[in-house]
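First comes the structure, then the notes that go with it.
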């Protein structure tokens, strides 16, 4: 995907499990992609949330 600000190629990701649990319209089968940039900081944040006790 091309970054709108820089014009460079960017990889984006989205936690679809969280999206499906949090959305209000449970019957809809459409997923609206609201991805975040896949950076090391994003990976660390996800890792920390996963291993939180």
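Residue numbers (the numbering used here): 20 to 72. Beta carbons are placed, not taken as given, at the ideal position from N, Cα and C, and that holds for glycine.
**Prompt:** So residue 55 and residue 32 are in contact, right, with Cβ under 8 Å, and what is the actual spacing, rounded?
**Reply:** 6 Å
**Item:** 8 Å Cβ shell around residue 61 - same chain, five flanking residues per side excluded
**Value:** 32, 55
**Asked** Between the C-alpha atoms of residue 64 and residue 46, what's the straight-line distance to the nearest angstrom?
**Response** Each residue's Cα considered, the two are about 30 Å apart.
**Prompt:** I think residue 28 touches residue 21, with their Cβ atoms under 8 Å apart; what is that distance to the nearest whole Å?
**Reply:** 6 Å
**Prompt:** Which of helix, strand or coil does DSSP assign to residue 29?
**Reply:** Note: residue 29 maps to coil in three-state DSSP.
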